Structures are given as C-alpha cells and as structure tokens.
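S.K.:
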Amino acid sequence: MSFGLTNAPAAFMDLMNRVFSEYLDQFVIVFIDDILIYSKSEEEHEHHLRLVLDRLREKQLFAKFSKCEFWLNEIGFLGHVISGSGVAVDNAKIKAIMDWERPRNAKEIRSFLGLAGYYRKFVEKFSVLASPLTKLTKKGAKFIWDDKCEKGFLELKKRLTEAPVLALPIQGIGYDIYSDASIQGLGCVLMQNGKVIAYASRQLRKHEVNYPTHDLELGAVVFALKIWRHYLYGETCHIYTDHKSLKYVFTQKELNMRQRRWMELIKDYDLIIDYHPGKANVVADALSRKNTSGTLLTCLRVLRAHVEVSTTGALIARFEVRPTLLGEISRCQAIDEECQKIRERILEGPVENFRVRDDGLLLFKDRVCIPKNEELQKSILEEAHSSAYAMHPGGTKMYRDLKESYWWSGMKRDIAEFVSRCLTCQQVKAEHQHPAGLLQPLTIPGWKWEHVTMDFVVGLPRTVNNYDAVWVVVDRLTKSAHFLPINITYPLERLAKLYTEEIVRLHGVPISIVSDRDPRFTSRFWPKFQASLGTKLKFSTAFHPQTDGQSERVIQILEDMLRACALEFQGSWDKHLALVEFAYNNSYQVSIGMPPYEALYGRKCRTPLCWDEVGETKLEWIELVEITKAKVRIIRDRLKAAQDRQKSYADKRRRPLEFEVDDEVFLRISPWKGIIRFVSRGKLNPRYIGPFEILERIGVVAYRLKLTP
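Residue numbers (full-length UniProt numbering): 1 to 709.
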C-alpha cells in the first residue's frame with residue numbers, strides 16, 4: 001500500500017483484525033502494525049507465539065526481526081508500561097509533561113491538557129484539578145493566569161509523577177465502582193479485589209449544572225457505565241454511591257424522561273447499587289477499609305476442605321480449614337441405633353453392602369451412610385442444592401450427584417421433596433408443565449346486543465380527519481360489530497356521546513360490557529356513565545387479554561382488512577372503514593354458522609354479488625318473530641357447541657388447580673416487565689415474585705392478592 005493515503009491506516013488495521021480475529025482479546029492485541037502477544041506462563045507464551053508466527057506465514061505477512069522483541073516481562077505500548085504488576089505511565093511521556101513550561105495562551109493550555117489527559121485514568125479527580133485551566137480554553141474567555149491556574153498546573157504535574165500502577169482486570173469475578181457527583185463534576189473509580197483499575201472524571205456541562213442532586217448522582221453512574229462498558233458489559237458490577245435514595249431507583253414508581261432514558265441503558269448491565277456514606281466514599285479510605293478476608297474465610301468454611309494459598313510474589317497468608325462435615329456424620333453414626341446394630345453385625349462377620357472405612361465411617365456400597373438425623377440430612381441437602389457451588393440443580397441431577405457419595409433410606413424421595421419446596425427454584429426456574437387453570441368460557445347471551453365487548457385499535461397512521469385509532473364494539477351473541485374512527489386524545493365526554501349515537505341509538509343499552517383495563521374504562525367518568533344507563537362493567541383480569549378474546553380476534557381481522565385496503569386502494573384508511581365494517585358483518589362466522597348480518601336481522605344482506613339470491617320477500621310479523629327466535633336458538637346452540645369444542649381443546653393442554661383464601665402463592669412477572677417497580681436486573685429478573693397472600697376469590701380461577709406496596 002502506498003504511503004500517504006488517507007485511509008491507509010484504517011485499511012491496514014482492518015486487515016490485521018481479520019487476520020487475527022480468532023486470537024484477539026484471547027492472547028493478541030493489534031494496533032495497526034504493532035502486535036502484542038501476552039501469556040500467563042512461558043510454556044503458554046511459546047505456544048501463542050508459534051500460533052501468531054504461523055498465521056503471519058499463512059497470510060504472507062512479514063515482521064522485521066530487528067523490530068521484534070521476545071520474552072519480555074515489561075513492555076511499553078501506546079504510551080503505557082505494561083507488566084505483571086499492572087499498567088503504569090510511560091516515564092518518557094511524564095518527563096515531557098514535567099518539563100512543560102507554564103502555558104502563555106489558550107493554545108498551549110490545550111496542548112498540555114491533551115497530553116496530560118491521555119493519562120487521566122491514573123489521576124483521581126483529574127477534571128476537578130484541570131477545571132481552572134479548562135475555563136481559559138473556552139471561546140471568548142480572557143487569558144488570566146491566576147493562583148488557581150498555577151496550583152492546578154503544578155498539582156497535575158505532581159499527580160502524574162506519582163501516578164499509581166493500575167491493576168490489570170480479571171474477567172469473571174466482577175467489579176466495584178465508587179461514584180460521586182458534585183457541582184464541579186462527576187467522578188468514579190473502577191476497582192477489583194480492592195485494587196484500582198482506572199479513574200474517570202469529567203466536568204459538568206452547562207445544562208447539567210441545573211440538574212437536581214438525584215439526577216447528578218445517577219448521571220455519575222451512567223457516566224461510569226458508558227466509559228467502562230468494555231470492562232463491565234456481561235460482568236457483575238457493584239456500584240457504591242453516597243446518595244442513599246439512588247439504591248431504590250429500580251423500584252421508583254415515577255421517573256422523569258431523562259431518568260427513563262438512563263434506566264434503559266442501565267438495564268443492559270448486571271449491577272447492584274448500594275449506599276456508601278460520603279465520609280467513607282474516598283478511594284484511599286475505601287482501600288484501607290475494604291475487608292476481603294471475611295468473604296474469603298466464609299467461602300473456605302463452605303468448602304470444608306484443606307486449602308493452601310500458594311506464594312504469588314510474596315507469601316500473604318496461609319489458611320487451614322479442617323473438614324467438619326465428615327466429623328459430624330461420624331458423631332451422628334455413633335449415637336444412631338441402626339448404625340450401631342450394623343457395626344455389631346460387621347464385627348461378627350461380613351454384612352452385604354455394608355462395611356466400615358479405615359477412619360471409622362460406616363459405608364453402604366462404598367457410600368457414606370447417613371443416619372436418621374433430620375438436621376444432618378437437611379444440612380447436606382442445603383449444601384448440595386443452595387450453596388454457591390451447586391446453584392439449585394433439579395431433583396434428578398441433585399440425586400445423581402449425591403448418590404455417588406452418600407446414602408440414606410428414602411434419599412431420592414427426600415431430595416425430590418426438598419427441591420419442590422425450594423422458594424428460590426420456584427421463583428427463577430421455567431415451568432415445564434401444563435399451565436394451571438381450566439378454560440372458563442363466558443356465559444352465552446340470551447338476546448342480541450345485550451352483552452357486548454369493546455376495545456381500541458391504536459397506533460394507526462393519522463388521517464386528514466385527525467383519526468389515529470378505531471373503537472371496536474362487538475355483540476357477543478350475533479358477532480356483529482361497529483368500527484368507530486376516533487382520535488386517541490378524545491376526552492371521555494366525547495367518547496360517551498359517540499357511544500350513545502352509534503351504539504345505544506341502534507341497539508339500545510347493553511346489560512353488560514366486557515373490556516380490558518384501559519385507563520378510559522377504569523376512570524371515574526366511564527363507570528358512573530354506564531351506571532346511569534344501568535350497564536354493568538366487567539373488566540378482564542390484569543395482563544390476561546384472553547378474557548376478552550372476542551375483541552382481540554375481531555381486532556386482528558380488522559387490522560388485516562385495513563392492511564389490504566392500504567395495498568389495494570388509494571386514500572387514508574378511514575375512508576374505507578365503513579365498507580370494512582360492512583364486509584366483516586357480511587362474512588361467514590364459523591362459531592354461529594352464518595354471517596353476523598343474518599344473525600342480527602334474520603335475513604341475508606343484499607350485495608352486488610348476490611342480487612339474485614335476495615329477492616323481494618314479504619313476511620308476516622308473526623312469521624318474522626318465529627324466524628328470529630329460531631335463529632337465536634340456532635345461534636345459541638352453535639355457540640355452545642363451539643365453546644365446548646374450544647374448552648375441550650384448551651383443557652387438554654392445561655391442568656386443574658385451585659387455591660383457598662389465606663394461601664400464599666407466587667406471581668409471574670413476565671407480563672409486568674414494562675412496570676419499572678419490577679425491573680431491577682433486566683434479563684436476570686426472577687420469573688416469579690412473592691409469596692403473596694390470597695385475600696379473596698373473585699372468579700372460578702381468579703384471585704385477589706395482597707401485594708406489598
């Protein structure tokens with residue numbers, strides 16, 4: 001490739017990334033023509049080096065031997081010195097900063113801050129120290145070098161010469177972030193195992209100065225997540241803040257638009273926000289206060305094994321943890337009558353399947369025999385199921401694992417019962433059985449337009465008449481429907497007027513209305529309006545649209561018809577809505593065995609396609625009444641048959657389950673994911689929450705729960 005081409009570096013970088021794609025971030029880092037190979041041991045390094053050289057040979061790329069360095073314990077790379085201890089600043093670059101004379105204009109300040117800012121991750125509160133200098137670089141600012149500027153200039157030099165060695169991050173063990181916000185700026189520290197990985201800070205932007213404290217502190221968290229995304233994405237993260245209310249942000253019911261936007265970003269991370277008092281939220285103090293030995297000792301106790309900490313650089317400590325479980329089993333065997341009887345029989349002669357080990361433990365088929373001690377058995381089950389080294393296996397897997405080492409009578413039954421009662425498993429594991437609750441069809445109406453359902457189709461393109469939604473009202477007996485174009489912002493008074501003109505005027509006042517829990521239907525006005533007409537409102541169960549399955553199915557048909565109109569005909573959808581309603585009401589319905597029009601009026605509708613079929617017929621009023629009654633009987637019989645058929649089909653895939661008042665149950669949260677109070681861990685949310693107490697039974701398979709506030 002020729003020298004001087006603008007896109008030459010980018011093209012060559014792309015080539016190198018494609019050449020080493022399978023090795024990148026595994027043991028290779030590439031920056032244009034620099035290839036850095038890193039390994040944990042000499043044997044591993046030799047293997048990695050051979051792979052890289054073979055790949056260069058395969059792709060016919062050449063490395064100049066005089067520019068290569070091998071077997072280094074420390075290397076300078078992109079202005080940093082990298083070693084087994086961590087990442088440090090390049091002394092040559094720092095010397096240039098230390099020799100920098102006092103800037104005499106804004107351009108020289110920008111040059112100094114540009115070089116010093118390259119190492120800002122080594123300097124805590126870099127933006128605060130650089131703030132006096134940054135103000136002089138703003139457009140229109142007078143260049144006045146005062147004591148604050150001199151102090152900040154010298155302090156930055158000093159901090160860079162004393163820059164710490166930053167630890168290298170380790171994948172899979174999580175990170176800690178200490179964040180803080182003030183009127184001067186945002187600051188945060190990335191740590192792991194009590195060691196600093198990086199510092200980050202920035203000054204507040206002009207509009208951020210007006211943010212409330214809560215938003216500033218949350219902004220500091222978002223700033224840390226953005227700047228360290230390459231570290232934090234896919235890792236567990238513990239964030240410490242000195243703003244106590246921030247730890248409840250996941251359960252906060254009302255959020256402003258800025259907070260909602262930030263919450264969408266935070267959901268991508270597996271993090272926990274904890275309160276850390278302001279006086280303790282200082283990195284130096286945090287390092288001295290952070291107690292890691294307690295967690296380590298706890299884990300070692302759980303292991304119940306002999307653990308040695310090998311020398312790494314210097315011997316830090318040596319822990320010795322003696323097994324206690326086997327000692328407890330031995331003690332329980334010694335006081336158990338059954339075990340003592342078996343021991344006595346073994347002394348007299350061989351006993352089938354039983355023997356005594358050298359350490360005195362009684363074995364059954366080479367497995368440790370557990371005596372009938374509920375406390376001991378429970379501790380073994382908890383260790384095998386609930387510890388950090390088991391992570392809640394299923395009953396079969398847990399039994400397979402335990403039976404290799406332990407035995408007691410009824411062990412498989414006890415394991416199955418223990419797993420079935422585990423609250424954590426009930427909350428987090430997917431359900432692999434048929435859904436609970438049999439299908440409960442609605443009662444069949446006795447006459448036309450006495451019982452109706454209604455719902456809204458929203459999100460439609462806005463027409464020239466300012467319509468962007470359709471109000472769908474369906475008769476539960478004849479399946480006839482009205483499609484009323486509306487604007488989603490119509491006040492309830494206008495909707496009530498439209499309902500009176502288009503529904504009540506044509507069909508009278510319904511006895512009942514089935515609908516979802518749309519805010520329009522659950523408002524104060526709508527129930528009072530329907531009560532004045534004598535209509536009873538029946539709302540569907542929350543997040544269970546199947547209750548009003550009729551409206552949902554009609555809406556699906558309506559949307560398909562409107563899509564067809566958009567493809568076939570010109571003009572906005574509201575111009576075709578009247579004919580769409582006509583086409584729907586004149587289409588054959590399987591459940592009633594006739595078109596809704598015929599079910600409603602007792603005769604077929606006259607259309608251009610069937611003029612010959614519908615002639616001028618004269619019916620006496622008695623004959624008309626008899627025909628109408630016969631039609632209704634036929635419709636009711638066919639609806640009953642359709643309901644029975646649907647119930648039989650649905651119940652094959654469901655199981656009967658009923659609860660009693662005062663029972664405690666879990667609540668599935670999958671429908672509630674859009675509600676912020678239940679969203680705290682994104683994809684790692686539990687499948688169920690609770691348990692909650694049942695207050696009353698409001699239906700055959702519907703209950704009211706006592707939810708926590």
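For each residue, glycine too, the CB sits at the ideal point set by N, CA and C. Please read these numbers as outputs of a predicted model, since none were measured by experiment.
Are leucine 166 and cysteine 149 closer than 8 Å when you measure CB to CB?
M.R.: Cβ distance not < 8 Å, so leucine 166 and cysteine 149 don't count as in contact.
S.K.: Excluding five sequence neighbours on each side, which residues of the same chain lie with their C-beta closer than 6 Å to the C-beta of isoleucine 698?
M.R.: Arg704
S.K.: Go ahead and label residue 710 buried or exposed: buried means 16 or more other beta carbons lie within 10 angstroms of its beta carbon, across all protein chains shown.
M.R.: Because the chain is modelled from 1 through 709, residue 710 falls outside the range shown and cannot be assessed.
S.K.: Glutamate 348 lies in the alpha helix (DSSP H); which residues open and close that run?
M.R.: 337-348
S.K.: Are the CB atoms of valine 452 and aspartate 475 nearer to each other than 8 Å?
M.R.: Taking 8 Å as the Cβ cut-off, valine 452 and aspartate 475 qualify as a contacting pair.
S.K.: Identify which residue in Gly360, Ser127, His80 has its Cα closest to the Cα of leucine 36.
M.R.: Out of Gly360, Ser127, His80, His80 has the C-alpha closest to the C-alpha of leucine 36.
S.K.: Note down, in chain order, each residue of its chain lying with its Cβ closer than 6 Å to the Cβ of glutamine 252, except the 5 sequence neighbours on either side.
M.R.: none
S.K.: Report yes if the C-beta distance between residue 725 and proline 596 is below 8 Å; otherwise report no.
M.R.: The shown model of the chain, from 1 to 709, leaves out residue 725, and the question about it has no answer.
S.K.: Look at the alpha carbon of isoleucine 513 and the alpha carbon of aspartate 662, and state the distance between them as a whole number of angstroms.
M.R.: A straight-line Cα-Cα distance of about 31 Å links isoleucine 513 and aspartate 662.
S.K.: By how many angstroms is the C-alpha of threonine 324 removed from the C-alpha of glycine 394?
M.R.: If you take the alpha carbons of glycine 394 and threonine 324, they lie about 26 Å apart.
S.K.: Based on the DSSP output, what are the partners of leucine 537 in its beta bridges?
M.R.: Ile513
S.K.: Using a threshold of 8 Å, state whether the C-beta atoms of serine 480 and leucine 600 are closer than that.
M.R.: yes
S.K.: Less than 8 Å separating the beta-carbons of glutamate 201 and serine 131?
M.R.: The sequence shown places serine at residue 201, not glutamate. Cβ atoms of serine 201 and serine 131: not closer than 8 Å.
S.K.: Look at histidine 230 and aspartate 274 and say whether their C-beta atoms are less than 8 Å apart.
M.R.: It is not a contact, given that the beta carbons lie outside the stated cut-off.
S.K.: Give me, in chain order, the residues of the same chain whose beta-carbon lies closer than 7 Å to that of arginine 110; leave out the 5 immediate sequence neighbours on both sides.
M.R.: Thr137
S.K.: According to DSSP, simplified to helix, strand and coil, what is tyrosine 275?
M.R.: strand
S.K.: Taking contact to mean at least 3 C-beta pairs separated by less than 8 Å, is the region 96-110 in contact with the region 59-72?
M.R.: no
S.K.: Put alanine 63 into one of helix, strand or coil per three-state DSSP.
M.R.: When DSSP states are grouped into helix, strand and coil, alanine 63 belongs to the coil group.
S.K.: Which full runs of the alpha helix (DSSP H) of 4+ residues lie inside the region 469-500, going along the chain?
M.R.: 492-499
S.K.: Find the nearest neighbour of isoleucine 415 within the set Arg159, Lys244, Leu381, judged by alpha-carbon distance.
M.R.: Leu381
S.K.: In terms of residue numbering, what span does the beta strand (DSSP E) encompassing serine 201 cover?
M.R.: 195-203
S.K.: Alpha carbon to alpha carbon, what distance is there between glutamate 404 and phenylalanine 20?
M.R.: 45 Å
S.K.: Can you tell me which of the three DSSP states serine 324 falls into?
M.R.: Inspection of the sequence shows that residue 324 is occupied by threonine rather than by serine. Correct three-state label for threonine 324: coil.
S.K.: Are glycine 174 and threonine 236 closer than 8 Å when you measure CB to CB?
M.R.: yes
S.K.: Measuring only the C-alpha atoms, how far is leucine 315 from aspartate 90?
M.R.: Unreliable positioning characterises leucine 315 in this predicted model, as indicated by a pLDDT of 33, which lies under 50. The coordinate reading is nonetheless provided below. C-alpha separation (whole angstroms): 29 Å.
S.K.: Could you have a look at aspartate 176 and say whether DSSP puts it in helix, strand or coil?
M.R.: strand
S.K.: Whole angstroms are fine: how far does the CA of lysine 135 sit from the CA of lysine 107?
M.R.: 13 Å
S.K.: So what's glycine 674 in DSSP terms, helix, strand or just coil?
M.R.: Below a pLDDT of 50, predicted positions are generally treated as unreliable, and glycine 674, at 49, falls in that range; the measurement from the model is reported next regardless. Glycine 674: coil per DSSP, three-state reduction.
S.K.: With DSSP as the reference, label tyrosine 269 as helix, strand or coil.
M.R.: coil
S.K.: Among the residues of its own chain, which have a CB less than 7 Å from the CB of glutamine 377, if the five just before and after it don't count?
M.R.: Ile370, Trp408, Asp414
S.K.: If we count Cβ pairs, one from each stretch, closer than 8 Å, do we get three or more for the region 491-508 versus the region 518-532?
M.R.: yes
S.K.: Judging by CA-CA distance, which residue of Phe529, His48, Arg258 is the nearest neighbour of histidine 214?
M.R.: Arg258
S.K.: Sorted by chain position, which residues of the same chain lie with C-beta nearer than 7 Å to asparagine 210's C-beta, five sequence neighbours on each side aside?
M.R.: none
S.K.: Between leucine 381 and chain C, is any beta-carbon pair separated by less than 8 Å?
M.R.: Absent from the structure: chain C. Only one protein chain is present.
S.K.: State the beta-bridge partners of phenylalanine 27 as determined by DSSP.
M.R.: None; phenylalanine 27 has no bridge partner.
S.K.: Exposed or buried, what is isoleucine 335 when buried is set at 16 or more other beta-carbons lying within 10 Å of its beta-carbon?
M.R.: exposed
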